[in-house]
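Below is one structure, written out as C-alpha cells; comments come after it.
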Amino acid sequence: MKTRFSAIVHLRKRDMQECERTIMQNENKIANKQMQIESIADEIVELKAPQYGTFYAFIAYNEVKQILFNRLSVAQNELEELLTHKAFLQTQYKQYHIEYEKMAFLDKREKEEILKTIKNREEKETDEIATLLYNNTEGRVI
C-alpha cells in the first residue's frame, strides 16, 4: 500500500544501504592497509645490517632502511585517514538510519490510519446491508 511517505522511505533506505556499502568498502581498505603495514614491518625485521664489506654497502643498507620506514610512516598515515573516514561514515550512517526510522514510522502510522478507515467503512457498509436485510419483511429481492 502506497502512502505519501513511501517514496521518502524508499529513498532513505537506499541512502542507508549506500552508506553501508561505503562503510564495507572502507573496511576493506583498512584491512588491506593493515596488511600492507604488516608486510612493510616484516621487511624491516628481515633487513639485516651488513657485517662486513664496504662503507657503501652500509650506506645502501641505511637508505633501504630509511625508505622502508618512510613507506611505513606513509601507510600508517593513510590508515589513520581511513579510520577517521570510518568514524565519519558511521556517524553519517546513524543519521541516515534515524531519518529512515522516522519516515518508516510515519509511513506505518499512515498505513494503519488507512486500514482503520477502510475497516470502519466496511463495518458501516455491513451494518447498512444488515439493516436492509432486517427491514426486508416483504421478501423482496434486493
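Residues 0 to 141 in numbering that gives the first Met the number 0 are what the sequence shown spells out, letter by letter.
A virtual CB, placed ideally from N, CA and C, is assigned to each residue, including glycine.
Pull up the distance between the alpha-carbon of Glu77 and that of Asn61, whole angstroms please.
One-based indexing of the sequence shown puts residue 77 at position 78. One-based indexing of the sequence shown puts residue 61 at position 62. Cα-Cα distance, rounded: 24 Å.
Going by alpha carbons, who is nearest to Thr2 out of Glu127, Asn134, Ile128 and Leu105?
Sequence index remark: in the sequence shown, residue 2 carries index 3 (1-based). Checking every option, the nearest Cα to that of Thr2 belongs to Leu105.
My guess is that Ile146 and Leu71 are in contact by the Cβ rule of under 8 Å, so how many angstroms apart are they, rounded?
Residue 146 lies beyond the stretch modelled for the chain, which goes from 0 to 141, so this question has no answer here.
Give the list of continuous beta strand (DSSP E) stretches no shorter than 3 residues that lie fully inside the stretch 79 to 104.
Segments of the beta strand (DSSP E) lying fully in the stretch 79 to 104: there are none.
Evaluate contact between the stretch 87 to 104 and the stretch 16 to 31, counting only Cβ atoms and requiring at least three cross-stretch pairs below 8 Å.
yes
Between Glu122 and the ligand HEM, is there a pair consisting of the residue's CB and a ligand heavy atom that are separated by less than 7 Å?
Absence of the ligand HEM from the depicted structure is noted, as is the absence of any ligand whatsoever, leaving it without description.
Locate the alpha helix (DSSP H) running through Gln11, then write down its first and last residues.
On the sequence shown, position 12 is the one that residue 11 refers to. Here residue 11 is Arg; the residue named in the question, Gln, does not match the sequence. Element bounds for Arg11: Ser5 to Glu45.
Gln50 - DSSP class collapsed to helix/strand/coil
If you number the sequence shown from 1, residue 50 lands on position 51. Looking at Gln50 - three-state DSSP - the assignment turns out to be coil, as it is neither helix nor strand.
Is the beta carbon of Phe36 less than 8 Å from the beta carbon of Gln75?
In the sequence shown, the residue the question calls residue 36 occupies position 37. In the sequence shown, the residue the question calls residue 75 occupies position 76. Looking at the sequence itself, residue 36 is Ile, so the reference to Phe does not match. Yes; because the gap between Cβ atoms is below 8 Å, this pair is in contact.
Taking 7 Å as the limit between beta carbons, can you name the residues of its chain near Asn25, skipping five residues before and five after?
In the sequence shown, the residue the question calls residue 25 occupies position 26. If we look at Asn25 and ignore the five residues flanking it on each side, its Cβ neighbours are Leu81, His84, Lys85 and Leu88.
Can the beta-carbon of Tyr99 be found closer than 8 Å to that of Met34?
Residue mapping note: residue 99 aligns to position 100 of the sequence shown, counting from 1. Residue mapping note: residue 34 aligns to position 35 of the sequence shown, counting from 1. For Tyr99 and Met34, no; Cβs fall outside 8 Å.
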